[in-house]
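Participant: A single structure is presented below for examination.
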Amino acid sequence: MADYVLEVQNVDKVYGQGETAVQALQNISFKVRKGEFMLIVGSSGSGKSTLLNMIGLLDRPTTGNVTIDGIDTSTLNDNQLSTFRNSKLGFIFQFSNLLSDLTVLENVMFPRKIQGTLQSAAEEASTLLKTVGLESQMNKFANKISGGQAQRVAITRALINRPAIVLADEPTGNLDSLSAETTIHLLKSLNRKLNQTFIVVTHDRPQFGDVDKVVTIRDGKIVEGELEASLR
Ligand SMILES: Nc1ncnc2c1ncn2[C@@H]1O[C@H](COP(=O)(O)OP(=O)(O)OP(=O)(O)O)[C@@H](O)[C@H]1O
Ligand SMILES: [Mg+2]
57 MADYVLEVQN
67 VDKVYGQGET
77 AVQALQNISF
87 KVRKGEFMLI
97 VGSSGSGKST
107 LLNMIGLLDR
117 PTTGNVTIDG
127 IDTSTLNDNQ
137 LSTFRNSKLG
147 FIFQFSNLLS
157 DLTVLENVMF
167 PRKIQGTLQS
177 AAEEASTLLK
187 TVGLESQMNK
197 FANKISGGQA
207 QRVAITRALI
217 NRPAIVLADE
227 PTGNLDSLSA
237 ETTIHLLKSL
247 NRKLNQTFIV
257 VTHDRPQFGD
267 VDKVVTIRDG
277 KIVEGELEAS
287 LR
């Protein structure tokens, strides 16, 4: 097994060309071990979402490499990349993006449907929904639950393929402070319970308390000296 679940090596990202080119990331390198909880912080426009999109294989770096579970993803073609993404990565966004005409359970099973691996998906989805305390909401339609509950469903959906890494971009950005607190508590408890690796972009570093690693981005670069070592 690879030592690191993620290795980002010398990643640059330039948007556009010529005079309008924007260097969104410059020479970004870091490594993450399985089971770590990592934060990406930095001010607006610093490059956090761009970095998360590189790790999430939603876009390719201009130069540099992203290695996930020992696979250098620059060697994959677009088809291979989307299959790899679907099996290795889970995504949580600011908005839960649930499908409103599906039930909570069906939403959680949806990635398995895309993957064509529906066998035992219902049992696994309901087990995970119990873990996050949503067993009583399973058969409700997704537009009939609260915002905080919807985000918990989105978290569960991100876990259904048992991904190597779950990526979250401002997962509490659209929640009131109590729901935000509950959501963070849930992410951290899933991290410990399932040994699930999380990489979370946040504006609010203190809300997360102790984490394994913090990468601070400023103007597309890692701010040296703020790559916090393990606190656990
Ligand atoms: N698709 C794109 N095309 C051109 N420029 C982009 C694109 N996406 C981002 N940028 C630019 O890259 C830089 C980094 O943007 P990014 O979205 O990564 O910042 P961020 O740290 O996530 O900000 P925020 O906290 O506001 O979400 C910014 O200068 C932004 O304008
Ligand atoms: Mg962003």
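Those letters in the sequence shown? Residues 57 to 288, per our numbering, in order.
Note that the Cβ used here is the ideal one computed from N, Cα and C, for glycine as well.
As the structure is a computational prediction, the values presented were derived from the model and not from experiment.
Say the cut is 6 angstroms; is the CB of Lys104 nearer than that to a heavy atom of ligand 2?
Facilitator: Yes, the beta carbon of Lys104 sits closer than 6 angstroms to at least one heavy atom of ligand 2.
Participant: Tell me the rounded alpha-carbon separation between Leu62 and Val88.
Facilitator: Going by the C-alpha atoms only, they are around 5 angstroms apart.
Participant: Kindly list the residues whose CB is nearer than 8 angstroms to the CB of Glu191, restricted to its own chain and excluding five residues on each side of it in sequence; keep chain order.
Facilitator: These residues qualify, in order along the chain: Ser182 and Leu185.
Participant: Residue range of the alpha helix (DSSP H) that Ser235 falls in?
Facilitator: Ser233 to Leu250 is the extent of the alpha helix (DSSP H) around Ser235.
Participant: So who's on the other strand from Asp225, going by DSSP bridges?
Facilitator: Beta-bridge pairing links Asp225 to Val257.
Participant: Please tell me whether Ile216 has its Cβ less than 7 angstroms away from any Cβ of chain E.
Facilitator: Among the chains in the structure shown there is no chain E, since it carries only a single protein chain.
Participant: Locate the alpha helix (DSSP H) running through Thr106, then write down its first and last residues.
Facilitator: Its alpha helix (DSSP H) spans residues Lys104 to Ile111.
Participant: With a Cβ-Cβ cutoff of 7 angstroms, do Gln65 and Gly120 count as a contact?
Facilitator: Yes, these two residues count as a Cβ contact at 7 angstroms.
Participant: What does the alpha-carbon distance come out to for the pair Ile278 and Leu242?
Facilitator: Going from the Cα of Ile278 to the Cα of Leu242 covers about 28 angstroms.
Participant: Helix, strand or coil: which one does DSSP assign to Thr216?
Facilitator: Looking at the sequence itself, residue 216 is Ile, so the reference to Thr does not match. Of the three classes helix, strand and coil, the one that applies to Ile216 here is coil, per DSSP.
Participant: Rounded to the nearest angstrom, how far is the Cβ of Ala210 from that of Ile170, given a contact under 8 angstroms?
Facilitator: With a Cβ gap of about 15 angstroms, Ala210 and Ile170 do not count as contacting.
Participant: Residues in its own chain within less than 8 angstroms of Gly112 by CB, not counting five upstream and five downstream?
Facilitator: So the list reads Arg141, Leu145, Phe147 and Leu223, once near-sequence residues are dropped.
Participant: Given a cut-off of 7 angstroms on the beta-carbon distance, is the pair Leu231 and Gly189 in contact?
Facilitator: Taking 7 angstroms as the Cβ cut-off, Leu231 and Gly189 do not qualify as a contacting pair.
Participant: Would the beta-carbon of Gly352 be found less than 6 angstroms away from any heavy atom of ligand 1?
Facilitator: Residue 352 is absent from the model: the chain starts at 57 and stops at 288.
Participant: Go to Asp68, then tell me how far its beta strand (DSSP E) extends in each direction, as first and last residue.
Facilitator: Element bounds for Asp68: Leu62 to Tyr71.
Participant: Given a cut-off of 7 angstroms, decide if Asp268 and Glu92 are closer than it, judged by their beta-carbon atoms.
Facilitator: Cβ distance < 7 angstroms, so Glu92 and Asp268 count as in contact.
Participant: Quick check on Asp34: does DSSP put it in helix, strand or coil?
Facilitator: Residue 34 is absent from the structure shown; the chain starts at 57 and stops at 288.
Participant: With 16 as the cutoff for other CB atoms within 10 Å, does Glu162 come out buried or exposed?
Facilitator: The residue in question, Glu162, is buried, as its Cβ has 16 or more Cβ neighbours within 10 Å.
Participant: The alpha helix (DSSP H) with Ala181 in it runs from where to where?
Facilitator: Per DSSP, Ala181 belongs to the alpha helix (DSSP H) from Ala177 to Thr187.
Participant: Going by the CB atoms, is the gap between Phe197 and Thr159 shorter than 7 angstroms?
Facilitator: Against a cut-off of 7 angstroms, the Cβ pair of Phe197 and Thr159 comes out as a contact.
Participant: Note the first and the last residue of the continuous alpha helix (DSSP H) segment covering Met165.
Facilitator: It spans Val160 to Gln171 - the alpha helix (DSSP H) in which Met165 sits, taken as one unbroken run.
Participant: Report all residues from its chain with a CB closer than 6 angstroms to the CB of Lys200; omit the five preceding and five following residues, and keep chain order.
Facilitator: Cβ neighbours of Lys200 beyond the five flanking positions: none.
Participant: First and last residue of the alpha helix (DSSP H) that includes Asn83?
Facilitator: Not the alpha helix (DSSP H): Asn83 falls in the beta strand (DSSP E), residues Val78 to Val88.
Participant: In the DSSP assignment, the beta strand (DSSP E) including Leu145 goes from what residue to what residue?
Facilitator: First-last of the beta strand (DSSP E) with Leu145: Leu145 to Ile148.
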